[in-house]
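Below: the structure, in structure tokens.
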Amino acid sequence: MLRVFGSPSRYIQGPDAIEVLGQSAALFGSQAALIIDGYVHGLMGDKLHALCSAHGVTLHDMVLNSDLTPEVVASLCKQAADVAPTLVIAVGGGKSLDAGKAVARAMHCHLITVPTVASNDAPTSKNYVLYDAHHHLVAVEHMLFNPTMVLVDTALIATAPAHFFRAGLGDAISKKFEAAQCARNDGRNMFDARPTATAQLIADGCARTLLEFGEAALEAAGTGVPTPAFERTVEALILMSGLGFESGGLSLAHALTRGLPHITGVGPALHGLQVAVGLLVQLDLENRADDTLAELRQWYGRVGLPTTLRELGATNIDPAQIQEAAALTLKAKHAANFDYKLSVADLSAALLRHAG
Numbered sequence: 232m233l234r235v236f237g238s239p240s241r242y243i244q245g246p247d248a249i250e251v252l253g254q255s256a257a258l259f260g261s262q263a264a265l266i267i268d269g270y271v272h273g274l275m276g277d278k279l280h281a282l283c284s285a286h287g288v289t290l291h292d293m294v295l296n297s298d299l300t301p302e303v304v305a306s307l308c309k310q311a312a313d314v315a316p317t318l319v320i321a322v323g324g325g326k327s328l329d330a331g332k333a334v335a336r337a338m339h340c341h342l343i344t345v346p347t348v349a350s351n352d353a354p355t356s357k358n359y360v361l362y363d364a365h366h367h368l369v370a371v372e373h374m375l376f377n378p379t380m381v382l383v384d385t386a387l388i389a390t391a392p393a394h395f396f397r398a399g400l401g402d403a404i405s406k407k408f409e410a411a412q413c414a415r416n417d418g419r420n421m422f423d424a425r426p427t428a429t430a431q432l433i434a435d436g437c438a439r440t441l442l443e444f445g446e447a448a449l450e451a452a453g454t455g456v457p458t459p460a461f462e463r464t465v466e467a468l469i470l471m472s473g474l475g476f477e478s479g480g481l482s483l484a485h486a487l488t489r490g491l492p493h494i495t496g497v498g499p500a501l502h503g504l505q506v507a508v509g510l511l512v513q514l515d516l517e518n519r520a521d522d523t524l525a526e527l528r529q530w531y532g533r534v535g536l537p538t539t540l541r542e543l544g545a546t547n548i549d550p551a552q553i554q555e556a557a558a559l560t561l562k563a564k565h566a567a568n569f570d571y572k573l574s575v576a577d578l579s580a581a582l583l584r585h586a587g
């Protein structure tokens, strides 16, 4: 089987990186669809228009105030078709970026992602997630290619509440271990191909960066002042983690996000927090002989990540719900990227060991 590595065409990071949005957008035409959530639109909509207008680019606002359902995608695409954009600019958190991907795919045009939080690695990937009205995941869709450009303004991201940054740490720390499982067990990455060694090296570097700088970076989160540690960690959370999972592949930690929300109280937890607990369950089932699991638990404690289902928000550890979560997890294709075939009983037992 072929090995495939994919990435954005350009990644730009630094304080006030947003200032180059207009000149960047102008590379792709004069009409752009702006996909943005209502809160961020209120904060910086006027500035985005000014930046783009200065370079001859007209923005057509499409404000997102809900989960990204198939119906919402259809509505956004209808709005976009009316203006025939040559570019989509997606600004905000994961929902807005995913909405931008859906519209860019439908319009067959370029995409610039501008994350306002570092809670996950959505900005660099071609994947986007659709939910139903009850916030249950219904599909993972894909653009043909990754975003054309990723614009990461670290001064902007440093203003976001620290709990978003913490979730980003949880999402990213898993990538080294998931990519290793995928590579070791003939798994496929997000390009439906074998992972490259380059992707594993990036995922390894991501983990090293988080363990070295993550704790100090978290102190800067919410202050509006990006420190050197913050800069290093944001690059790991967005770029390294994104490349590591998409070209390196995923395993049980992310598969568990299909099942964990069905445990009462867990559903509202941010994606990265669910992944953090999922990673501990994965490492438990790997039967590792080293100190990795214990060392990660210590790091989790220092950065405030949950280590149990109760810390994740579970209000009632119901064995029936645990079994349902395990069964749904094992239906995710990532779950097959593992050292041995897991049963519902295997996974249920591991979840109960991490119930808290």
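Quick note: the sequence shown uses the working numbering, first residue 232, plus one each step.
Beta carbons: idealized from backbone N, C-alpha and C, even for Gly.
All values derive from a computational prediction rather than experimental measurement.
Less than 7 Å divides the Cβ of S255 from the Cβ of M380.
Contact annotation: P378 and L342 have beta-carbon atoms nearer than 7 Å. Per DSSP, D292 is one residue of the beta strand (DSSP E) stretching across 289-295. The residue among L233, A410, A389, N296 with its C-alpha nearest the C-alpha of A460 is A389. Burial state of H366 is exposed, judged by a 10 Å Cβ sphere holding fewer than 16 other Cβ atoms. Residue state for I343 is assigned as strand, using DSSP reduced to three classes. Beyond the five residues adjoining it in sequence on each side, L510 comes within less than 7 Å, by CB distance, of I404, S405, F408, A484 in the same chain, given in chain order.
Per DSSP, reduced to three states, the secondary structure at L540 is helical. Under DSSP, G245 forms a beta bridge with D384.
Contact between the region 323-332 and the region 346-356 is present: three or more C-beta pairs spanning the two stretches fall below 8 Å. Restricting attention to M232, D522, R541, G479, the CA atom closest to the CA of A411 is found in G479. In this structure, the straight-line span from the alpha carbon of E443 to that of D298 is close to 35 Å. DSSP, reduced to helix, strand and coil, places L282 within a helical segment of the structure shown. Contact between the region 288-298 and the region 258-268 is established, with three or more Cβ pairs separated by less than 8 Å. Note on geometry: alpha-carbon atoms of T427 and L474 lie some 11 Å from one another.
E526 and M471 have their C-alpha atoms spaced approximately 22 Å apart.
C-alpha of L318 to C-alpha of F259: approximately 6 Å in a straight line.
Assignment of G253 by DSSP, reduced to helix, strand and coil, places it in the helix class.
Cβ-Cβ separation between A386 and G276: approximately 18 Å, too far for a contact (criterion under 8 Å).
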